[in-house]
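Below: one structure, written as structure tokens.
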Amino acid sequence: MSGRTHDRACPERTCVGCRERAAKSDLLRIVVVGGECVPDDRGTLPGRGAYVHPASVCLDLAVRRRAFPRAFRAQGPLDTAGVRRYVEQAAP
Ligand SMILES: [Zn+2]
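Here is the structure:
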């Protein structure tokens, strides 16, 4: 990292994939729209959000752990294809 000191003004969130804490701005916010996980890259969509590193390893971990249904208190599995597409574009 760039030697940034811990800054209270910079909120932290836990990645639902690797479970590491990171600055909110370093994580991708995910919201659910109609049973589908969608990336909220601007952080503007309403509703409950889950945070994950925009990396396929973290997304894989999150999917394997069923972290998204848990985070969103969903009854069944959630479609993560849209998030995967986003992550793969962001980090080729
Ligand atoms: Zn992560």
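Quick note: the sequence shown uses the working numbering, first residue -4, plus one each step. Yeah, the Cβ is synthetic: ideal placement off N, Cα and C, and Gly gets one too. Here the structure is a predicted model, which means the values were calculated and not measured.
By the C-beta density criterion, C5 is exposed, having fewer than 16 other C-beta atoms within 10 angstroms. Its Cα nearest to that of V28, the residue T75 stands out among R65, V52, T75 and V47. Per the Cβ contact rule, the segment 59 to 75 is not in contact with the segment 34 to 41 (fewer than 3 Cβ pairs under 8 Å). Membership of V11 in any beta strand (DSSP E) is not indicated, and neither H nor E is assigned to it by DSSP. Between ligand 1 and the CB of L56, the shortest heavy atom gap is smaller than 8 Å. The distance from the Cβ of V78 to that of I25 is about 6 Å, consistent with a contact at the 8 Å cut-off.
Given a length threshold of 3 residues, each whole run of the beta strand (DSSP E) inside the segment 7 to 80 is given here in chain order: 7 to 9, 16 to 18, 23 to 28, 31 to 34 and 45 to 47. Taking the Cβ atoms as the reference, V11 lies roughly 17 Å from A85, outside the contact range of under 8 Å.
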